[in-house]
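Numbering-wise, UniProt numbering puts 19 at position 19 of the sequence shown, and it's gapless, one number per residue. Each residue gets a CB set at the ideal place from its N, CA and C atoms; glycine is no exception. Encoded as structure tokens, the structure appears first; notes follow it.
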Amino acid sequence: MSAKSLAPLPDEMLTIEEAAARIKMSARYVRRLIAERRIPFHRLGRSVRIHPADLASFVHAGRVEPINPGTVWNEFRRVA
């Protein structure tokens with residue numbers, strides 16, 4: 001692989017603790033995400049780093065859209 005085909009290194013990589021603070025969760029939760037391979041990460045020797053864009057993608061993937069109360073009531077009446 002030539003040096004030209006390599007992607008540039010990201011400017012900022014987050015530690016587990018920094019990633020946890022950014023999403024206001026515990027470091028244990030972030031470690032579990034890594035262990036379950038639910039979030040992309042980079043292993044640099046014994047260190048683990050997370051790219052901020054990967055963290056943002058994970059958070060946005062969990063977004064739940066609000067529902068229209070009228071639609072829910074109509075569906076409930078249809079089932080009953």
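Residue i and residue j look like a contact to me (Cβ under 8 Å); what is the Cβ gap, rounded to whole Å?
i          : j          : result
residue 49 : residue 41 : 7 Å
Among all the DSSP beta bridges, which residues are the ones paired with residue i?
i          : result
residue 42 : 49
residue 14 : 50
So which of the options has the shortest CA-CA distance to residue i?
i          : options        : result
residue 54 : 37, 69, 47     : 37
residue 32 : 16, 21, 65, 22 : 16
residue 21 : 66, 70, 52     : 52
residue 61 : 68, 72, 39, 67 : 39
Just verifying my parser: in three-state terms, what is the DSSP assignment at residue i?
i          : result
residue 69 : helix
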